[in-house]
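Below is one structure; the comments refer to it alone.
Right under this line is the structure:
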């Protein structure tokens with residue numbers, strides 16, 4: 243499956259089969275998610291994967307009773323680490339070892355830049371963590387679907403309850419929940435005609451920006 247087919251056919255799925263995702267497949271999906279880009283390659287993402295019936299039921303309550311949290315094979319809580327320094331030294335050690343930077347002096351300067359980021363107000367660090375972590379989450383969605391594993395990204399949950407219930411330490415931003423599982427036969431999310439999208443000419447602005455006016459939606463016709 244090439245990327246165009248993956249992007250065109252991926253849907254947010256709410257109906258899952260009972261077939262489990264094998265451990266190797268799930269590990270590969272997460273490994274591919276680690277290849278997502280991030281500022282300074284600081285990789286602030288963490289994934290809490292819930293596969294046990296009880297833990298998924300608990301998460302479903304936090305997600306306002308959304309049933310597919312429980313019916314999915316795996317429910318993933320996507321977290322962003324709001325401390326830019328968390329992995330900075332290891333990242334820049336790697337840069338130096340692979341000659342992305344020329345010497346220890348540049349490494350030191352980079353660490354100072356990231357230390358300045360770490361001193362930003364909490365609200366700014368939460369935004370920073372969410373931006374990069376969302377890229378990893380989207381990569382996970384595509385990596386899953388390339389292997390036939392359906393998904394659904396979710397923003398409908400109580401973040402405070404999630405942090406308290408699952409004892410998430412301070413400094414982590416709950417970005418989203420993602421459900422993962424093989425789609426049920428004739429899952430409506432996949433079988434129905436794709437939901438319409440805003441056309442390209444209403445979202446892309448070359449050279450100058452003018453807010454888009456209300457526009458008619460279109461069913462995408464792109465194919466491989």
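In the working numbering, the protein residues as written are 243 to 466.
All C-beta atoms in this analysis are idealised placements derived from N, C-alpha and C, irrespective of residue type, glycine included.
In this text the structure is predicted, and so the values were computed from the model without any measurement.
Each of 390, 302 and 276 was checked against the Cα of residue 425, and the nearest Cα belongs to 390.
DSSP places residue 374 inside the alpha helix (DSSP H), whose first and last residues are 364-388. Remark: C-beta atoms of residue 421 and residue 439 do not approach each other more closely than 9 Å.
Note on geometry: alpha-carbon atoms of residue 331 and residue 377 lie some 22 Å from one another. Counting C-beta pairs closer than 8 Å gives three or more between the stretch 317-329 and the stretch 403-413, which meets the contact rule. Residue burial is scored here from C-beta neighbours: residue 314 has at least 16 other C-beta atoms within 10 angstroms and is therefore classed as buried.
Under the three-state reduction of DSSP output, residue 334 falls in the helix class. In the three-state DSSP reduction, residue 306 falls in the coil class, being neither helix nor strand. If only complete runs of 4 or more residues are kept, the stretch 251-318 shows the alpha helix (DSSP H) at 265-275, 295-304 and 310-313, in order along the chain.
DSSP places residue 403 within a helical segment (H, G or I) once states are collapsed to three.
With at least 16 other beta carbons inside 10 angstroms of its own, residue 371 counts as buried.
Distance check between residue 268 and each of 317, 447 and 449 places 317 closest, using alpha-carbon atoms only. In the DSSP assignment, residue 347 falls within the unbroken alpha helix (DSSP H) covering 346-360.
Between residue 245 and residue 381, the alpha-carbon positions lie close to 11 Å from each other. A straight-line Cα-Cα distance of about 14 Å links residue 348 and residue 357.
For the 9 Å CB-CB criterion, residue 398 and residue 308 form a contact.
The Cβ atoms of residue 252 and residue 387 lie closer than 9 Å to each other. Per DSSP, residue 414 is one residue of the beta strand (DSSP E) stretching across 414-423. The Cβ neighbour count for residue 286, taken over all protein chains shown within 10 Å, is at least 16; the residue is labelled buried.
Non-local C-beta neighbours of residue 454 in its own chain, meaning closer than 7 Å and more than five positions away in sequence, comprise 444 and 445, ordered along the chain.
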